[in-house]
Amino acid sequence: MAVVWDMSQWTQAWRTDSLQPTVRWSGTRTTTSGTNMYGRTAGGANQSVTNGTSNSGANSGGGASGGAQGHDKLKIGFCTDLDKSVLVNNFEKRGWHQVNGDDDWHFYWAGVQTCRNIFSVDSGYRMHDNQMINHFPNHYELSRKDLLVKNIKRYRKDLERDGNPLAEKTESNNSSGTRYLYLDFVPTTFVLPADYNMFVEEYRKFPLSTWIMKPCGKSQGAGIFLINKLSKLKKWSREAKGPFHPQIAKESYVISRYIDNPLLIGGKKFDLRLYVLVASFRPLKAYLFKQGFCRFCTVKYDTSVTELDNMYVHLTNVSVQKHGGEYNTLHGGKWSVQNLALYLEGTRGKEVTDRLFGAISWLIVHSLRAVAPVMASDRHCFECYGYDIIIDNALKPWLVEVNASPSLTSTTVNDRILKYKLIDNILSVVLPPDGVPDVRWNKVPSADALGNFELLIDEELAAQDEQHQNSSSNTHSKTSKMGSRWK
Ligand SMILES: Nc1ncnc2c1ncn2[C@@H]1O[C@H](COP(=O)(O)OP(=O)(O)O)[C@@H](O)[C@H]1O
Ligand SMILES: [Mg+2]
8 MAVVWDMSQW
18 TQAWRTDSLQ
28 PTVRWSGTRT
38 TTSGTNMYGR
48 TAGGANQSVT
58 NGTSNSGANS
68 GGGASGGAQG
78 HDKLKIGFCT
88 DLDKSVLVNN
98 FEKRGWHQVN
108 GDDDWHFYWA
118 GVQTCRNIFS
128 VDSGYRMHDN
138 QMINHFPNHY
148 ELSRKDLLVK
158 NIKRYRKDLE
168 RDGNPLAEKT
178 ESNNSSGTRY
188 LYLDFVPTTF
198 VLPADYNMFV
208 EEYRKFPLST
218 WIMKPCGKSQ
228 GAGIFLINKL
238 SKLKKWSREA
248 KGPFHPQIAK
258 ESYVISRYID
268 NPLLIGGKKF
278 DLRLYVLVAS
288 FRPLKAYLFK
298 QGFCRFCTVK
308 YDTSVTELDN
318 MYVHLTNVSV
328 QKHGGEYNTL
338 HGGKWSVQNL
348 ALYLEGTRGK
358 EVTDRLFGAI
368 SWLIVHSLRA
378 VAPVMASDRH
388 CFECYGYDII
398 IDNALKPWLV
408 EVNASPSLTS
418 TTVNDRILKY
428 KLIDNILSVV
438 LPPDGVPDVR
448 WNKVPSADAL
458 GNFELLIDEE
468 LAAQDEQHQN
478 SSSNTHSKTS
488 KMGSRWK
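Okay, so the sequence shown: first residue is 8 according to the numbering used here, each after it adds one.
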């Protein structure tokens, strides 16, 4: 099924909201110099103290190590469930020392289950002001495949009910009703078994479509398969005591329209892995790491039915591809996003390339806004998400899924460098300038502290700028215009 993407609609979307694509990706361009997207310098001092011997005079009051006054003697204890060198090397570089989860810790890089345990009512654990942890307790609202779609559907409906122009709809190009003009960035998806009847209705409208079945609770390509016939789904259901069996209702699946027209490079399908750091959900403060990468399939793309079960053709997960005979351990099937930008500028032109990356930032921001109201936005938490995005051959980006624990395993040398930098930059964005975890900090990192992150959205700064704009006679100041971005 060909999907035609009308670029002009995105252009209109930018206009509707006075938006411009903000993220600069091309390796040939530089990042913001000392100012954030609101045209002002964020935060105050540069990060100067990273070894726990700050002389900033900030008051730690009641830290994990028992209410130290000031950070002068606060030695930072880190804890991690993951034995990853990119983590431990970064923590040790900052002069932190490793402790156990039962000890006093200031910074915990935890697995999702540990985080949930800490926040569970039963644990009785109460965090101190000088403690930070790398997950929001109900991150699954974003990272579970079924909940992500549910939240996005609800978000669009809410905007529609409020008469928000963002929820504008248009006749679909395949005359099957309507679609959202600006918020159509997840493939049509149903949850099985719950939405089975709705799926069948949709299937009958597009009998030639291919669908992809994905277990909600799994990752790394596990349990995924493609179907192009309802009979195949029924057969699977019978054999697996499938999705209609109430006992496995916990093992639910999503079934999504398969993006069958991906952008191909060298004849191969790829997707993007982008890192998005959320420092707070309410107000929303999110940053995009500019060094994401493309993950390529090892086998040329082929839509023929005989290749439908060939996961080396269809799934871009490294965990899948590395088992293929064609896997290259030197480059690991990865390409930097800067390379992609240069390639696209060369083959498709700069304007459409800029528009594509603008549309990617757009979908990230709106996916976060969709879950923000339901997230437990605890001030001790931050989270780095791995976004999986497929670009189709009309250069429209599609959000495939969001991972709350993106892999920190390094498959190549470049990978290790990238992930080390990622962790380093995460730490400098989420920690106050003196490097000591403190939930009372206003979470406005300096331009230097951003490193390779670029601000996607800071609702607090935007609101301040708006206030400033209202009280200022110069209503056309640059800052004011930029401050209304993403609204
Ligand atoms: N709707 C889709 N259309 C095309 N390819 C898809 C779609 N959904 C997933 N894929 C492919 O399958 C891979 C795995 O899917 P994903 O949702 O990321 O699950 P997992 O948690 O197993 O990584 C993706 O990286 C992508 O290559
Ligand atoms: Mg994935």
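For every residue, glycine included, the Cβ atom is placed at its ideal position computed from N, Cα and C.
Contact annotation: Ala383 and Pro144 have beta-carbon atoms nearer than 9 Å. For Thr217 against Tyr260, the beta-carbon gap comes to about 16 Å, at or over 8 Å, which does not count as contact. Secondary structure note for Gly365: its alpha helix (DSSP H) is the uninterrupted segment 357-378. In the displayed model, Gln120 falls within a helix according to three-state DSSP. The beta carbon of Gly108 sits closer than 6 Å to those of Cys86, all from its chain and outside the five residues before and after it, given in chain order. The Cβ-Cβ distance between Val193 and Val156 falls below 9 Å. Check the Cα spacing between Leu463 and each of Arg447, Tyr282, His135: the tightest is with Tyr282. In the DSSP assignment, Ala286 falls within the unbroken beta strand (DSSP E) covering 275-287.
Exclusion of the five residues before and after Arg123 leaves Pro144 as the residues of its chain whose Cβ lies within less than 7 Å of its Cβ. Per DSSP, the unbroken beta strand (DSSP E) holding Lys292 starts and ends at 292-296. If you draw a straight line from the Cα of Asn421 to the Cα of Val372, it is about 28 Å long. Taking 9 Å as the cut-off, the Cβ atoms of Lys426 and Ser417 count as close. Counting only heavy atoms of ligand 2, the residues whose C-beta sits closer than 7 Å to one of them are, along the chain, Ser226, Asn324, Asp395, Val407, Glu408, Asn410. DSSP places Glu246 in the uninterrupted alpha helix (DSSP H) bounded by 237-246. In this structure, Tyr265 has its beta carbon less than 8 Å from a heavy atom of ligand 1. Contact annotation: Gly442 and Pro413 have beta-carbon atoms that are not nearer than 9 Å. With a beta-carbon spacing of about 28 Å, Asp399 and Asn204 fall beyond the 8 Å limit used to define contacts. DSSP places Asp465 inside the beta strand (DSSP E), whose first and last residues are 460-465.
In chain order, Met205, Phe206, Ile262 place their CB closer than 6 Å to the CB of Phe197, counting only its own chain and leaving out the 5 sequence neighbours on each side.
The beta carbon of Ile219 lies closer than 6 Å to those of Leu233, Ser263, Tyr265 in the same chain, with the five residues before and after it left out. The closest heavy atom of ligand 1 lies 8 Å or more from the beta carbon of Trp448.
Apart from sequence neighbours up to five positions away, the residues of its chain that approach Asn158 with a beta-carbon distance below 7 Å are Glu148, Ala377, Val378, Val381, ordered along the chain. Excluding residues up to 5 positions away in sequence, nothing lies with its Cβ nearer than 6 Å to the Cβ of His475 in the same chain. Leu415 and Val436 do not touch by the CB rule: their CB atoms are close to 17 Å apart, not below 8 Å. Look at Lys341 here: in three-state DSSP terms it is strand. When DSSP assignments are scanned along the stretch 399-457, the uninterrupted stretches of alpha helix (DSSP H) that are 4 or more residues long and fall wholly within it turn out to be 420-437, 454-457.
Counting C-beta pairs with one atom in each stretch, the stretch 114-134 and the stretch 340-359 have fewer than three that are closer than 8 Å, which means they do not touch. The DSSP assignment places complete beta strand (DSSP E) segments of no fewer than 3 residues inside the stretch 198-222 at 218-222, in order along the chain.
Excluding five sequence positions before and after Ala470, the CB atoms of its chain that fall closer than 8 Å to its own CB belong to Pro290, given in chain order. For Val306, the secondary structure class from DSSP, reduced to helix, strand or coil, is coil. By the neighbour-count criterion, in which 16 or more other beta carbons inside 10 Å mark a residue as buried, Ala366 falls on the buried side.
Per the Cβ contact rule, the stretch 160-174 is not in contact with the stretch 400-412 (fewer than 3 Cβ pairs under 8 Å). Considering only Val409, Ile424, Ala286, the residue with the shortest C-alpha distance to Asp445 is Ala286. Shortest gap from the CB of Arg186 to any heavy atom of ligand 1: 8 Å or more. The DSSP-derived three-state label of Gln138 is coil. Sequence-distant partners of Glu333 (beyond 5 residues in either direction) whose C-beta falls short of 7 Å from its own C-beta, in its chain, are Thr305, Val306.
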